[in-house]
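The structure appears right after this line, and notes come after that.
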Amino acid sequence: MTEKPKHGLARGAANYGDPEFALYLRRSFAASMGYSRQALERPVIGIADTASDYNNCHRTVPELVGAVKRGVMLAGGLPLAFPTVSLCEPSLTPTSMHYRNLMALDTEAMLSAQPMDAAVLIGGCDKTVPAQLMAAVSADVPAVMLVTGPMLAQRFEGERLAACTDCRRYWARYRAGEVTPEKIGAIEEKLATSAGTCGVMGTASTMACLAAALGFMPLMAASAPAVHADRLRMAEEAGALAMRLLTHPVRPSQLVTEKSVENALRVLLSLGGSTNALVHLAAIAGRAGIPVDLKRLDALSEETPVLVDLKPTGEGYMEDFHAAGGMVALLRELRDLLHLDTIDLYGRTLAEQLDAGSAFVDRGIIHARATPVSPVGGLVALFGSLAPDGAILKRSAATPALFETEARCVVFDGLEDLSRRIDDPDLDVTAQDILVLKNVGPLTPAGMPEAGYLPIPKKLARAGVKDMVRMSDCRMSGTAFGTIVLHISPEAAAGGPLGLVETGDRVRLSVKHRSLDLLVEPAELARRRAAWQAPARPKRGWDQLMFDQVLQAPEGADLRFLRPEGA
Ligand code: FES
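Mind the numbering: the sequence shown is residues 67 to 633 in my numbering, read in order.
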């Protein structure tokens, strides 16, 4: 006789060598929380609760958990919320990226170890959604993604402000002496005035859109503001959808496919989205054994226009994108470029999703293909002797006049060196130089921070310089802008050529030829390589595990042992 499939609390009993006793014990302990026998026999929906006093972007999570529970219970299930690691971008040292894989590991373990029939994952801030999707793919538990949603922009002295493009814009003006200390102080409390994630097309917003493109949530759920009632209704729907997955199962492994990953890349390009999303998408796809090929990204970039006019590439905010028709309107515009047979958690094809819903679109925010924000995609990959395994440039947020640059480098060896010398009045630097920051990749104690947006040296900023070519093996915030080459691979600490660059070397950047070359004689490079020293292994803990296992940016900076065998 075949055993009946187990559901709810009966799943995955603790191992005492007596499964019936294990279930008896589990029920009696659960009963101690006041649940009735009838409640404990219901299907269980686990809810990853990422509320944290350290995470402002998740301020609404308690309310969302309540709405998800309502949706689960209305559909006859038992919702059980559980805590996981929660990462807030500005709250962590050395950087939240250093802990994305820890959150993924924690979430995967809890999805796999605890009894649940499906899950709702509540994320929002930059690293949380990637971590949760990585976990969902590896655990392959049916999972609905629910994001906290973007903050609203705030009116201040006749303009609108929201984190964090405006933070950077005002800080650059303050450094240049154009904004007084009093005004920068006043703006500090006006940049993030409502609950929610950064209000521009930064990493959090980009990842929400990619999660929807992959099928982990309804398309319009990517952009509804955090404080709108719609967001709570979406949470209730997420609970109901998780229950639906019990009778109509769709697993993460069915959502993350070569076709859906390519759709996600198209979306990333058309949004003018965050460079970080490329690293995260590579990590999520990598969990499914699907590589993200930077050369393919480049090919897609040539035929995928930027259509969304949001900061930092354009002018609008996420609330404008939502009101303009959101992901439905954007994907309709891209329709002929997309694989329309990918599915979402309802089992609907992308074609079916695009045929449903309102036809409204605000062309001020979501442009038509005939009149794009930019005729080509927001990101390009660069290869060459300085980046044998690739580097990324967000051309939609860069200065076209700097796309073809050959210049002398001014090199900073890590973050301490950068902060010590960048504003030194005696620093030998001109606006024509290239600023290079090395030893800040995934392997380093710095943990691949968002430091790629190197500040313009104060003396140049005060002379009116707004942009320079900057390059590094780290990342930059999705809300930042400038002619900035990122994710140079292999990183300096892994023995990449970047580690050999010295002040005075010449480097050639060509966006046209997608190249990044170090113009130093091979004999000289061989001499420097012989003198190069590998970084010391951290002594213990998470830092040591990262050092031993972390992969390079093109592989998503994931941990090697968490990828499927052979990937
Ligand atoms: Fe959380 Fe920007 S700091 S989304």
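Every residue, glycine too, gets a C-beta built ideally from N, C-alpha and C.
Quiz item: Which residues count as close to ligand 1 when the rule is a CB under 5 Å from any of its heavy atoms, in chain order?
Solution: Cys123, Glu155, Cys191, Thr263, Cys264, Ala270
Quiz item: If you draw a straight line from the C-alpha of glycine 456 to the C-alpha of alanine 80, how long is it?
Solution: By one-based count along the sequence shown, residue 456 stands at place 390. By one-based count along the sequence shown, residue 80 stands at place 14. In a straight line, the C-alpha of glycine 456 is about 46 Å away from that of alanine 80.
Quiz item: Cα separation between glycine 480 and glycine 570?
Solution: What you label residue 480 is simply residue 414 of the sequence shown in a count that begins at 1. What you label residue 570 is simply residue 504 of the sequence shown in a count that begins at 1. Going by the C-alpha atoms only, they are around 17 Å apart.
Quiz item: Going straight from the alpha carbon of threonine 161 to that of leucine 218, what length do you get?
Solution: On the sequence shown, residue 161 is found 95 positions in, with the first residue counted as 1. On the sequence shown, residue 218 is found 152 positions in, with the first residue counted as 1. Each residue's alpha carbon lies about 25 Å from the other.
Self-check item: Uninterrupted beta strand (DSSP E) stretches inside the region 98-125 (no shorter than 3 residues)
Solution: 110-115
Quiz item: Where glycine 265 and isoleucine 500 are concerned, what is the direct C-alpha to C-alpha distance, given to the nearest angstrom?
Solution: Counting from 1 along the sequence shown, the entry for residue 265 is found at position 199. Counting from 1 along the sequence shown, the entry for residue 500 is found at position 434. Answer to the nearest angstrom: the Cα atoms are 31 Å apart.
Practice problem: Note down, in chain order, each residue of its chain lying with its Cβ closer than 8 Å to the Cβ of lysine 135, except the 5 sequence neighbours on either side. | Solution: As a working mapping, residue 135 is identified with position 69 in the sequence shown. Same-chain partners within the cutoff: Ile113, Pro145, Ala147, Gly305.
Practice problem: Please report the residue range of the beta strand (DSSP E) in which threonine 37 lies. | Solution: With the chain running from 67 to 633 in the structure shown, residue 37 is simply not present.
Exercise. Using the Cα positions of proline 371 and tyrosine 240, report the straight-line distance between them to the nearest angstrom.
Key: The residue you call residue 371 lines up with position 305 of the sequence shown. The residue you call residue 240 lines up with position 174 of the sequence shown. Each residue's Cα considered, the two are about 34 Å apart.
Quiz item: Alpha carbon to alpha carbon, what distance is there between phenylalanine 387 and arginine 353?
Solution: Here residue 353 is taken as the residue at index 287 of the sequence shown, counted from 1. Here residue 387 is taken as the residue at index 321 of the sequence shown, counted from 1. Taken atom to atom, the span from the alpha-carbon of arginine 353 to that of phenylalanine 387 is near 30 Å.
Practice problem: Please list, in chain order, all residues of the same chain as leucine 153 whose beta carbon is under 8 Å from its beta carbon, the five residues on each side excluded. | Solution: As a position in the sequence shown, residue 153 is number 87, starting the count at 1. Excluding positions up to five away in sequence, the list reads Asn121, Ser162, Tyr165, Arg166, Met169, Cys191, Asp192, Lys193, Thr194, Ala197.
Practice problem: Count the other C-beta atoms from every protein chain shown that fall within 10 angstroms of the C-beta of proline 85, then say buried if there are 16 or more, exposed otherwise. | Solution: By 1-based counting over the sequence shown, the position of residue 85 is 19. Classification of proline 85: exposed, given that the 10 Å Cβ count is below 16.
Quiz item: Where threonine 231 and leucine 625 are concerned, what is the direct C-alpha to C-alpha distance, given to the nearest angstrom?
Solution: Residue numbering aside, residue 231 sits at position 165 when the sequence shown is read from its first letter. Residue numbering aside, residue 625 sits at position 559 when the sequence shown is read from its first letter. One C-alpha to the other measures close to 30 Å.
Practice problem: Measure how close the beta-carbons of alanine 184 and leucine 311 come, nearest whole angstrom, since I'm counting them as under 8 Å. | Solution: Position 118 of the sequence shown, counted from the start, is the residue given in the question as residue 184. Position 245 of the sequence shown, counted from the start, is the residue given in the question as residue 311. Contact flag correct, Cβ pair sits at about 4 Å.
Quiz item: Cα separation between leucine 334 and glycine 100?
Solution: Stepping through the sequence shown from its first residue, residue 334 is reached at position 268. Stepping through the sequence shown from its first residue, residue 100 is reached at position 34. Taking the straight line from one Cα to the other gives about 46 Å.
Quiz item: What span of residues does the beta strand (DSSP E) with cysteine 233 cover, start to end?
Solution: Position 167 of the sequence shown holds residue 233. Counting along the chain, cysteine 233 falls outside any beta strand (DSSP E), though it belongs to the alpha helix (DSSP H) covering 231-241.
Exercise. Alpha carbon to alpha carbon, how far is serine 204 from methionine 67? Give it in angstroms, no decimals.
Key: As a first step, residue 67 must be located in the sequence shown, where it is residue number 1. As a first step, residue 204 must be located in the sequence shown, where it is residue number 138. Because methionine 67 carries a pLDDT of 47, less than 50, the predicted location of this residue cannot be relied on, and no value is offered for it.
Exercise. Kindly indicate which residue of Gly450, Gly338, Pro378 has the alpha-carbon position closest to the one of serine 367.
Key: The count along the sequence shown starts at 1 and reaches residue 367 at position 301. Of the candidates Gly450, Gly338, Pro378, the one whose C-alpha sits nearest the C-alpha of serine 367 is Gly338.
Exercise. Consult DSSP for lysine 193 and reduce its assignment to one of helix, strand or coil.
Key: Taking the first residue of the sequence shown as position 1, residue 193 is located at position 127. DSSP places lysine 193 in the coil class of the three-state scheme, outside both helix and strand.
Quiz item: To which residues of the same chain is asparagine 559 closer than 6 Å at the C-beta, ignoring the five residues directly before and after it?
Solution: The count along the sequence shown starts at 1 and reaches residue 559 at position 493. One point to set straight first is that residue 559 is alanine, not asparagine, in the sequence displayed. If we look at alanine 559 and ignore the five residues flanking it on each side, its Cβ neighbours are Asn505, Gly507, Leu509, Thr510, Pro601.
Exercise. With a cut-off of 8 Å on the beta carbons, I'd call leucine 406 and leucine 416 a contact; round off their distance for me.
Key: Translated into the one-based positions of the sequence shown, residue 406 becomes position 340. Translated into the one-based positions of the sequence shown, residue 416 becomes position 350. Contact holds; Cβ gap of about 5 Å.
Quiz prompt | Segment contact flag, the region 419-426 with the region 288-307, C-beta cutoff 8 Å, min 3 pairs | solution = no
Quiz item: What number of angstroms, rounded off, separates the C-alpha of glutamate 634 from the C-alpha of proline 291?
Solution: One cannot answer for residue 634 here, as it falls past the ends of the chain, which runs 67 to 633.
Practice problem: Return the CA-CA distance between glycine 565 and arginine 603, expressed in angstroms with no decimal places. | Solution: The sequence position of residue 565 within the sequence shown is 499, counting from 1. The sequence position of residue 603 within the sequence shown is 537, counting from 1. In a straight line, the C-alpha of glycine 565 is about 17 Å away from that of arginine 603.
Quiz item: With burial defined as no fewer than 16 other Cβ atoms inside 10 Å of the residue's Cβ, what is the status of lysine 377: buried or exposed?
Solution: As a working note, residue 377 is residue 311 in the sequence shown. When all chains shown are included, lysine 377 counts as buried.
Self-check item: DSSP state of threonine 150 mapped onto helix, strand, coil
Solution: As a first step, residue 150 is located in the sequence shown; it is residue number 84 there, counting from the start. Coil, per DSSP.
Quiz item: With phenylalanine 627 and glutamine 618 assumed to form a contact (beta carbons below 8 Å), what rounded beta-carbon distance in angstroms separates them?
Solution: On the sequence shown, residue 627 is found 561 positions in, with the first residue counted as 1. On the sequence shown, residue 618 is found 552 positions in, with the first residue counted as 1. Wrong, their Cβ atoms sit about 15 Å apart, outside the cutoff.
Quiz item: At a cut of 8 Å, does the region 382-401 reach the region 273-291 through at least three beta carbon pairs?
Solution: yes
Exercise. Enumerate, from N- to C-terminal direction, the unbroken alpha helix (DSSP H) stretches of 4 or more residues contained entirely within the region 298-374.
Key: 318-321, 324-337, 342-353, 360-369
Quiz item: Going by DSSP, which residues form a beta bridge with leucine 625?
Solution: Translated into the one-based positions of the sequence shown, residue 625 becomes position 559. According to DSSP, leucine 625 bridges with Val616.
Practice problem: With a 10 Å radius around its C-beta and 16 neighbouring C-beta atoms as the bar for buried, classify proline 588 as buried or exposed. | Solution: What you label residue 588 is simply residue 522 of the sequence shown in a count that begins at 1. Exposed, since its Cβ has fewer than 16 Cβ neighbours within 10 Å.
Quiz prompt | Proximity winner among Gln599, Gly430, Ala464, Leu75, relative to isoleucine 550 (alpha-carbon distances) | solution = Position 484 of the sequence shown holds residue 550. The residue with the shortest Cα to Cα distance from isoleucine 550 is Ala464.
Quiz prompt | Rounded C-alpha distance that separates alanine 422 from histidine 124 | solution = Translated into positions along the sequence shown, residue 422 becomes position 356. Translated into positions along the sequence shown, residue 124 becomes position 58. The C-alpha of histidine 124 is placed about 30 Å away from the C-alpha of alanine 422.
Exercise. Answer with buried or exposed for glutamate 303, where buried requires no fewer than 16 other C-beta atoms within 10 angstroms of its C-beta.
Key: Translated into positions along the sequence shown, residue 303 becomes position 237. Buried, because 16 or more other Cβ atoms sit within 10 Å of the Cβ of glutamate 303.
Quiz item: Is there a Cβ from chain B that is less than 8 Å from the Cβ of leucine 199?
Solution: Protein chain content of the structure displayed is limited to a single chain, and chain B is not contained in it.
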